[in-house]
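Novice: Before we start, here is the structure in question, set down as structure tokens.
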Amino acid sequence: MADPAPALRTQQIETPSWAYANSGTRFRVFPQRGVPRDPFEKIADAAVVHRFTGVAPSVALHIPWDRVEDYTVLAAFAAEQGVRLGTINANVFQDVDYMLGSVTHPDPAVRRKALGHLLECVDIMDATGSADLKLWFADGTNYPGQDDIRARQDRLAEALEAVYARLGEGQRMLLEYKLFEPAFYATDVPDWGTAYMHCAQLGERAQVVIDTGHHAPGTNIEFIVAVLLRAGKLGGFDFNSRFYADDDLMAGAADPFQLFRIMNEIVAADALDPAAGIAFMLDQCHNIEPKIAAIIRSVMNVQEATAKALLVDRDALASAQGSGDVLGANAVVMDAYNTDVRPLLAQVRADMGLDPDPIAAYHRSGYFERVRDERAEGAQAGWGA
Ligand code: PSV
Ligand code: MN
């Protein structure tokens, strides 16, 4: 079996700027001390996560939450901090005009406004050097008959085509799906099949993003991973975990076995290497727990799932599968899952010149106490601000 350490050392997990900001449910946002007040401070926090884990070198932005005057200045600041700006997430779900949809809205004027924002996001990518544009649409309907389902698909296709045509060299469009919420009857991109259809029609540089919280309970997500990988249409992940709906809890917290099964498909298809082009991103909110430590924990959870996937004895698995040995094949996978990979990861970190225990090292660093005092004044950034 190949040594898992090199792959673990080169793994890259992108953290989301909004996870560092205040967030909550529709019932209450509980502000936390030390939370960033602007995109620069979010990036500074993301850089701390990278400093202690060594595998989180990029941070995703959400526009307009991370709007700044000059994105080249923000990119230069990120570089100074030791990270880079990653995926640009568009936001066409928080403007009052979008009550009945954005790019699928029945009114062409609203559609034009939404498309304008998506194109602005590509301009931002040009300035930040970001390679990926991530699109998630809250569009959909709440009641049967509210709008024409096929017409909405046509409007969506038209907008996607215009954005796709605007992409520059080396840029991709990642289309995210979500079963429901905020639309409760028919979401316009509800599942991987719909996302795949649009991406297939657009071309090679349009790929599907799997947000692990965006499925019906019981959905076999690793099957979707395998099928999209086979079709060359998996662009990346928004990792988070859920017990009920789109809970946005820490990745690997609710169901570490599912995260392992997903990473197992990735490793089996040789898609872990950054050169394979799969973006491993977190998309989560830390409503009640301290944010930076929670993000470090999430990164470590993804690393643990990956390490276990790398430990699957592929030869033994192929031979058990080939001979129809059902229990033997399952045992190979379970042996890897049941291995305690924490010592292996501690060694990997030591070899990278890192503290083997990133959370303890972060707590010892005094970073939290420092920013808690420095950021005492002013308005904290929050979800939607
Ligand atoms: C939607 O629920 C989503 O998963 C999309 O990725 C958004 O851009 C993100 O959450 C941020 O709220
Ligand atoms: Mn997401």
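Each residue of the sequence shown is one higher than the one before, starting from 2 at the first, in our numbering.
Where a beta carbon is used, it is the ideal one built from N, C-alpha and C, also for glycine.
1) Considering only DSSP beta bridges, list what Ala187 is partnered with.
2) Please go through the same chain and pick out, in chain order, the residues whose beta-carbon is closer than 6 Å to the beta-carbon of Tyr21, but skip the five residues on each side of it.
3) So, with DSSP's three-state summary, where would you put Ala386?
4) Just curious, the alpha helix (DSSP H) that Trp193 is in, first and last residue?
5) On the DSSP letters alone, give me the boundaries of the beta strand (DSSP E) that Lys135 sits inside.
6) Between Pro17 and Leu283, what straight-line distance do the alpha-carbon atoms span, to the nearest angstrom?
7) Note down the Cα distance separating Val166 from Asp149, rounded to an integer number of angstroms.
8) How about Trp66: is its Cβ closer than 7 Å to a heavy atom in the ligand ADP?
9) Using the rule of at least 16 other Cβ atoms within 10 Å of the residue's Cβ for burial, across every protein chain shown, is Leu86 buried or exposed?
10) Look at the alpha carbon of Ala79 and the alpha carbon of Ala48, and state the distance between them as a whole number of angstroms.
11) Would DSSP call Asp239 helix, strand or coil?
12) Indicate the three-state DSSP secondary structure (helix, strand or coil) for Gly25 in the structure shown.
13) Let's see if you can read the secondary structure: which residues bound the alpha helix (DSSP H) around Asp155?
14) Tell me whether Ser18 sits in a helix, a strand or coil according to DSSP, three-state version.
15) Take Asn1 and list the residues in its own chain whose beta-carbon comes closer than 6 Å to its own, dropping the five residues that flank it on each side.
16) Assign Asp124 to buried or exposed, taking buried as 16 or more other Cβ atoms, counted over all protein chains shown, within 10 Å of its Cβ.
17) Is it the case that the CB of His106 approaches a heavy atom of the ligand PSV more closely than 7 Å?
18) Taking only three categories from DSSP, how would you classify Ser299?
19) Around the C-beta of Phe28, are 16 or more other C-beta atoms found within 10 angstroms, so that it is buried, or is it exposed?
20) Between which residues of its own chain and Phe258 is the CB-CB distance below 6 Å, once the five residues before and five after are set aside?
21) Tell me whether the region 190–197 and the region 127–135 touch, counting them as touching only if at least three CB pairs, one residue from each stretch, are closer than 8 Å.
22) So is the beta-carbon of Trp384 under 7 Å away from any non-hydrogen atom of the ligand MN?
23) Quick one: residues in its chain with C-beta nearer than 7 Å to the C-beta of Ala306, no 5 flanking neighbours on either side, listed in chain order?
24) Identify every residue that forms a DSSP beta bridge with Asn90.
25) Could you tell me whether the region 200–209 touches the region 242–251, using the rule of 3 or more Cβ pairs below 8 Å?
26) Does DSSP put Glu378 in a helix, in a strand, or in coil?
27) Cβ of Glu177 within 7 Å of any heavy atom in the ligand PSV?
28) Just the C-alpha distance for Ala386 and Leu62, rounded to the nearest angstrom, thanks.
29) Quick test of the definition: if touching needs 3 or more C-beta pairs under 8 Å, does the region 311–325 touch the region 50–60?
30) By DSSP's criteria, Phe281 is part of a beta bridge. Which residues make up the other side?
31) Select from Glu70, Asp71 and Leu134 the residue whose C-alpha is nearest the C-alpha of Gly237.
32) How many Å lie between Gln411 and Met353 at the Cα?
33) Quick test of your reading: Ala308 and Leu346, contact by CB under 8 Å. State the CB separation rounded to the nearest angstrom.
34) Can you tell me where the beta strand (DSSP E) with Arg173 in it begins and where it stops?
35) State the DSSP-derived secondary structure class of Leu355, mapped to helix, strand or coil.
Specialist: Inspection of the coordinates gives the following:
1) Thr142
2) Pro37, Lys43, Asp46 and Lys292
3) With a pLDDT of only 48 at Ala386, under 50, the local geometry of the prediction cannot be trusted, and the value read off the model is given with reservation. Reduced to three states, the DSSP call for Ala386 is coil.
4) Trp193 to Leu203
5) Asp133 to Trp137
6) 6 Å
7) Residue identity check: residue 166 is Ala in the sequence provided, not Val. Each residue's Cα considered, the two are about 26 Å apart.
8) The ligand ADP is absent from the structure shown, which contains only the ligand PSV and the ligand MN.
9) buried
10) 8 Å
11) strand
12) strand
13) Ile150 to Arg167
14) helix
15) Because the chain here runs from 2 to 386, residue 1 falls outside it and cannot be looked at.
16) exposed
17) no
18) helix
19) exposed
20) none
21) no
22) no
23) Gly253, Pro257, Leu260, Phe261 and Met264
24) His63 and Lys135
25) no
26) coil
27) yes
28) Only weak support exists for where Ala386 lies, its pLDDT of 48 falling under 50; the coordinates are left without a value.
29) no
30) Phe238
31) Leu134
32) This structure cannot speak to residue 411, because the chain is shown only from 2 to 386.
33) 6 Å
34) Arg173 to Glu177
35) coil
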